[in-house]
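In full-length UniProt numbering, the protein residues as written are 1 to 589. To keep things clear, I will list the structure first and then write my remarks on it.
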Amino acid sequence: MRLWRSVVGKLWLTILLLVSFVLFILTILQLEFFQNYHVEVVENELTDTAKKVAKIVENHENLDLGIEVGKEIIDEPVNIVIVMDDSKKVYSQNSGSMHRDIKEKIETNKELQSVRTKRKTVKMEMEFPEQDTTNRYENIIIVGTPLAVGENQHGAVYLYQSLGVIKDTTQQTTKLILLAAGIAIVLTTIFAFFLSTRITSPLRKMREAAFEVARGKFDTKVPILTKDEIGELAIAFNQMGKQLNFHINALSQEKEQLSSILSSMADGVITFNRDGTILITNPPADRFLQQWYYQQEGSSEVAIPTTVKDLLQRVIMTETEQTGELDLQGRSYVVIISPLYNNDNVRGAVAVLRDMTEERRLDKLRNDFIANVSHELRTPISMLQGYSEAIVDDIAASEEEKKEIAKIIYDESLRMGRLVNDLLDLARMEAGHITLNKDVVTLVPFAERVTNKFQGLAKEKNVSLYFESSVEINEKLIMDPDRIEQVLTNLVDNALRHTPAGGEVKVMLKQAMNGFVFYVQDTGSGIPEEDLPFVFERFYKADKARTRGKSGTGLGLSIAKNMIEAHKGHIQVQSKENQGTTFTFFLPQ
């Protein structure tokens, strides 16, 4: 079945049917021609023989003798009947039912009688016996020619013969014609198949090349075998493949450029369909969506924030750009959504998510830095000034009071020194001038030792503190142990201070791809959402109600962040108010 569906099969079958039809018509016509030709030959032979017999009879004075001589020149299967008008004598060569019927035909048929009456030669083909038949070889040929014996005696010589004598000749001719037609069909089949193969061979190559192009091999070329229309088609196909390859490469380059631009953009970009389905995102947009999913506690029913969804619906309805703002996990975003068109119809929209947290943080830092520094320095300076005036004014009467005042002045000066040193350390770290004393450290014992250091404080606060690790006991890492211990100490101390009695603090160590991850997780009060983006900033204190003695300088988390980044790692926090906080930092191998 596959052959008949191919161009080769269709072309071959078309040529074969056309030639077969022509040969069939020619065969029918030739068979009819040869049959008529043979009948005509028989009629002519009978006519010539009848005329010879008539001439012989006419040239003999004795009628009976002439008839006998005439009969001698007639061979089987020709039969003779001689009829004389005056004597009504009938001379026949043989007898039998058919012969009697022929004589009756001669006496009754007007056309045969016209041989004697009108003195003309008659040729007739009649069915015998008289019945409907399609077999012509059962017919009889009768030829009559006039006969004149003397001046007064007239008659006719009738010769008749069955057409069955030409049956064998016609059959042989038919066999030859059919054999020739069969040979012609076979030769036509071979020629048609060869011709169709020659024609379709380049077409098959084009088909294979088209499949290669469909698979992405746009540099595929079709060999040009001829200079006819098929060759021109091959040239056009090669040019098409070349142009297609050029345009595909151009589109790929543009796609790569757009992908690089999207990936390198600081703003998040999300492309939506009309129904709100997300089509394309870049890394900042992925982080935005991850924060949204985290806030939704893993629920996937709401794919995008309500604010973005409302803006998207307004864009689809109004076909105009829409702008809005939203807060997510303590970060502020400005959302700009513009429509995307397909000809004249809106097919979707593109949303640009601009994180404004850093700008607002910088504004806040710019406004709060001087206030924070002056606030932190004002108390020790005031105390130094007050107690110094007490000494100058000789308010302290006894030596003990003077020593107490001097101790207060000393403690406040130490406090100012610590504050200034922290500021200097932080400035050096942010400027990249921090010095790390790296060493090979076995991680599990190191983290367990730092955790156990706070067991006493945890018992005092009635907080469960424990350490978990999925890292092998002998796993090692090159790092500065003092700096990392300072980071862990700060995080565990903060967790214990913010976890109420009955809560728990968990320190975990896990191995990640190309490094290790430390977790400090508590079930404490958590950090308000609006404070999350600023916990690693200098002087920032999320708990405004805490006393100065407990709150410290507000530089601990900022120092911890810079220490982790100095190790080429990163630190982050996730928190929900009244549910707990998790600090996570990663150290690469």
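We treat Cβ as the ideally placed atom computed from N, Cα and C, and that holds for glycine. Predicted model, so just to flag it, every value in this text is computed and none were measured.
Assigned secondary structure, residue i (DSSP; H/G/I helix, E/B strand, else coil)
i	result
N79	strand
F218	coil
M513	coil
P528	coil
V535	coil
P481	helix
T117	helix
A303	coil
S388	helix
N343	coil
Q171	helix
Q153	strand
D411	helix
T523	coil
I395	coil
G330	coil
M356	coil
V213	helix
V335	strand
V143	strand
Limits of the unbroken beta strand (DSSP E) element including residue i
i	result
H247	Premise fails: H247 lies in the alpha helix (DSSP H), E229 to S264, not in any beta strand (DSSP E).
P223	First-last for P223: undefined, no H or E at that position.
S470	S470 -> no beta strand (DSSP E), and no H or E assigned at all.
residue 605	Any property of residue 605 remains undetermined from this structure, which presents the chain solely from 1 to 589.
L163	Run containing L163: none; DSSP gives neither H nor E here.
A458	Segment Q455 to E460 is the alpha helix (DSSP H) holding A458; no beta strand (DSSP E) there.
I270	G268 to N273
E321	It is not in any beta strand (DSSP E) - E321 carries neither H nor E in the DSSP assignment.
P500	Neither: P500 is in no beta strand (DSSP E) and is coded neither H nor E.
residue 597	Only positions 1 to 589 of the chain appear in this structure, which leaves residue 597 out of reach.
Extent of the continuous alpha helix (DSSP H) run through residue i
i	result
N437	From DSSP, N437 is part of no alpha helix (DSSP H); its letter is neither H nor E.
N562	G556 to A566
T584	Premise fails: T584 lies in the beta strand (DSSP E), G580 to P588, not in any alpha helix (DSSP H).
I278	Looking at the DSSP string, I278 is not in any alpha helix (DSSP H); the run it does join, the beta strand (DSSP E), is I278 to T281.
K71	L63 to E72
Cutoff 6 Å; reference residue i; Cβ partners in own chain excluding five residues on either side
i	result
Q469	For clarity, residue 469 is Ser in the given sequence; the question names Gln instead. Counting only Cβ-Cβ distances below 6 Å, and skipping sequence neighbours, we find V444 and L509.
A192	W12, I15 and L16
E76	none
K10	none
R415	P380
V507	T451, F467 and V520
Contacting residues, own chain, Cβ-Cβ under 7 Å from residue i (five flanking each side not counted)
i	result
K118	none
E43	K123, I141 and V143
E107	none
Beta-carbon spacing of residue i, residue j below 8 Å
i	j	result
F467	E448	yes
L491	F583	yes
L326	V335	yes
G144	T121	yes
L159	L46	yes
H503	T581	Residue identity check: residue 503 is Gly in the sequence provided, not His. Contact flag unset, no.
A148	V83	no
M356	Y333	yes
P202	A234	yes
D482	K438	no
residue 591	K205	The requested residue 591 does not occur in the structure, where the chain is confined to residues 1 to 589.
residue 638	L532	Given that the chain is displayed from residue 1 to residue 589, the structure contains no residue 638 and the question cannot be resolved.
I56	V69	yes
N238	K221	yes
I74	V53	yes
V505	L465	yes
L353	G276	no
Burial state of residue i, where buried means 16 or more other Cβ atoms lie within 10 Å
i	result
Y341	exposed
P380	buried
N273	exposed
A349	buried
K561	buried
D64	exposed
N462	exposed
L477	buried
H567	buried
S260	exposed
M563	buried
S575	buried
T499	buried
N345	exposed
Chain D within 8 Å of residue i, Cβ atoms only
i	result
H247	No chain D appears in this structure, which consists of one protein chain only.
Residues near residue i in its chain [Cβ-Cβ closer than 8 Å; skip 5 each side]
i	result
G569	G515, F585, F586, L587 and P588
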